[in-house]
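Mapping of the sequence shown onto the numbering used here: residues 183 to 606, in sequence order.
Glycine included, C-beta positions come from ideal geometry on N, C-alpha and C.
Everything numeric in this text was worked out from a predicted model, so none of it was measured.
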Amino acid sequence: MTFRTLAILAGACVAAKAAPTPTFSKDVAPLLQQHCQACHRPGEAAPFSLLSYQEARPWASSIQEAVQLRKMPPWFADPHYGKFANDRRMTEKEIETIVSWVKGGAPEGNPKDLPKPLGFVDGWNIGKPDLTVTMAQKFEVPASGTVDYQYVLVPLNLTEDKWVQAAEVRPGNRALVHHVIAYVREPGSNWMKSAQPGIPYKPKPGEGGNGEHLVGYAPGVPPNALEDGQAKLVKAGSDLILQLHYTANGKAGSDQTSIGLRYSRVPVKERIYTLAAQNNRFVIPPGDANFEVKASFEFGDEARVTALIPHMHLRGKDFLFKATYPTGESEVLLSVPHYDFSWQLSYDPVKPILMPKGAKIECVAHFDNSPNNPANPDATKEVRYGDQSWEEMMFGFFNVAIDANKDLRSILPQRRPAAKPAAH
Ligand code: HEC
């Protein structure tokens, strides 16, 4: 071997060594800040904190697995379709950094390399609300057992119409609240007509109904804040109806959830409205592992789609949003191949999708009512549409932006006599 080859070999050796094991302080902590700490810190949704090396170290191998399988951070859109402004996925390189840190023994490195700790807002994430309303009574959650979905009326007492730019649900007890959806009940609606504020209510026959989806809460889902110039219209005399899903966790406790609304400070150009392609006439046979349900919505006039929100319950398996244009062309807007009921995520297209008059949103969902679905409450039951978590839903919620002075009804489907806004 000549001196030259030796030198080259030595060089190669140095090059291989040049990629040292990533350390927590220098390489991993910034990734946890960016992708994990919103939920993995005290008082938030995730079951353990990832703020420090001491906290993260025992979880190293589960962290590796969760990021490699892309179970964490939670984001379920198939990357082949659509581009989303709120995309949470980590890059391959970021995942690789975490994997080689764990494989290299998960070293701490030099604490001097640590990034500055993030400052977190404690309290409202939407800024100080202009209006805060709270459930009139506490709800007592038992130590164990399944708790039915609760429906609670929360009056707003608005004497004039309001343009709401941001809304946030703040659970009173995060350990017990699995999810909350706040709906706006317009004045004159029959929905839960004889409900009393704060008292959980079982709608009587003839008091079913619907309202506009205002804001949802689920662990780690950011509050609903719109851009300047966009807002939701909440009419004078409207009330909120909360759908609350509590999960018993071994210790009895109580919850009293609040909702904050922030009004637009600037003139509103675009009204944002939540609509849905929905189907409530399905029957899922017992044991069926792949039962298909479809729904569609045809635009009566032009609108821009700004968010896509699939909604099913525990048997939900996959969900697809497709746009079909009057030209006959169609495109997949969002595909969620593995739906997870724990995460009520909104997928917000980078650019609003223009839906001309006559265009359609078409949704295709599959349900897994087989015993192979670990979330399935009972594989021997026939399952229909219903409010409770052991019943099912099929909603392709989507937000549209329309000119603020335009009549909302013009964009609803024109052929059917009773076009419904998004029900729950
Ligand atoms: C949007 C909130 C949120 C974000 C962001 C998030 N997590 Fe989680 N994480 C949770 C919740 C809630 C759970 C418990 C429920 C569950 O397992 O689904 C969890 C569970 C886990 C678990 C337990 C094992 C498992 O797979 O169930 C690991 C490990 C984990 N997260 C790591 C991470 C890492 C690493 C990141 C960042 C790369 C991250 N998480 C980002 C909310 C979040």
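| Query | Result |
| --- | --- |
| Cβ-heavy atom distance, HIS495 to the ligand HEC, below 8 Å | no |
| Neighbourhood of PRO261 by C-beta distance below 8 Å, restricted to the same chain and skipping five residues each side | ARG271 |
| Check: LYS275 C-beta below 8 Å from any heavy atom of the ligand HEC | no |
| Near the ligand HEC: LEU426 beta-carbon under 8 Å from a heavy atom | no |
| Per-residue burial, PRO311 [other beta carbons within 10 Å of its own, 16 or more giving buried] | buried |
| 8 Å Cβ shell around ALA557 - same chain, five flanking residues per side excluded | LEU496, ARG497, PHE523 |
| Backbone secondary structure at TYR383 - three-state DSSP | coil |
| Three-state class that DSSP yields for LYS588 in the structure shown | coil |
| Best match in LYS499, SER440, LYS588 for proximity to LEU338 [C-alpha to C-alpha] | SER440 |
| Proximity of LEU426 and VAL366 at Cβ, strictly below 9 Å | no |
| Inter-residue spacing [alpha-carbon to alpha-carbon] between ASP483 and LEU594 | 7 Å |
| GLU474 - partner residues in DSSP beta bridges | HIS548 |
| 7 Å CB neighbourhood of PHE266 in its chain, flanking five on each side removed | ALA259, TYR529, ASP530, PRO531, VAL532 |
| Reference LEU527, options SER326, ALA349, ASN406, ASP550, closest by Cα | ASN406 |
| Simplified DSSP state of LYS294, which is helix, strand or coil | helix |
| Length of the line joining the Cα atoms of LYS539 and LEU457 | 16 Å |
| Validate contact between the stretch 313-324 and the stretch 436-454 using beta carbons, cut 8 Å, 3 pairs | yes |
| Same chain, Cβ closer than 8 Å to SER207, five either side skipped, listed in chain order | TYR235, GLU290, GLY291, ASN292, PRO293, LYS294, ASP295, LEU296 |
| Of the listed residues ILE423, ARG447, TRP525, ASN554, nearest to LEU408 (C-alpha basis) | ARG447 |
| Where ILE607 falls, given that 16 or more other Cβ within 10 Å makes a residue buried | This structure does not reach residue 607, given that the chain is present from 183 up to 606, and the question cannot be answered. |
| Residue interval of the alpha helix (DSSP H) (run including THR506) | Element bounds for THR506: not the alpha helix (DSSP H) but the beta strand (DSSP E), 498-506. |
| Short Cβ contact (9 Å threshold) for GLU544 with THR506 | yes |
| Residues that ASP140 bridges to, as DSSP identifies them | The structure shown does not extend to residue 140, since the chain is modelled only from 183 to 606, so the question has no answer here. |
| The stretch 243-251 / the stretch 499-516 touching (three or more Cβ pairs under 8 Å) | no |
| Contact the stretch 566-578 vs the stretch 460-473: 3+ CB pairs below 8 Å | yes |
| PRO559 versus SER326 - alpha carbon distance | 16 Å |
| Complete runs of the beta strand (DSSP E) confined to the stretch 296-323 [at least 3 residues] | 313-316, 321-323 |
| 6 Å Cβ shell around ALA348 - same chain, five flanking residues per side excluded | ILE308, ALA407, ARG444 |
| GLU274, DSSP secondary structure in three states | helix |
| Residue interval of the beta strand (DSSP E) (run including TYR455) | 452-460 |
| Top-ranked residue by Cα proximity to VAL416, from HIS395, ASN431, GLY432, THR429 | HIS395 |
| Residues that DSSP places opposite ALA348 in a beta bridge | ALA407, ARG444 |
| For ALA413 and VAL334, believed in contact at Cβ under 8 Å, the rounded distance | Between ALA413 and VAL334 the Cβ distance is about 25 Å, and since that is not below 8 Å, they are no contact. |
| Distance, ALA228 Cα to TRP283 Cα | 22 Å |
| DSSP bridge partner residues for VAL416 (one or two, in chain order) | LYS344 |
| Close Cβ partners of PRO534 (< 7 Å) along its chain, the five nearest in sequence each way excluded | ARG486, VAL487, THR488, ALA583 |
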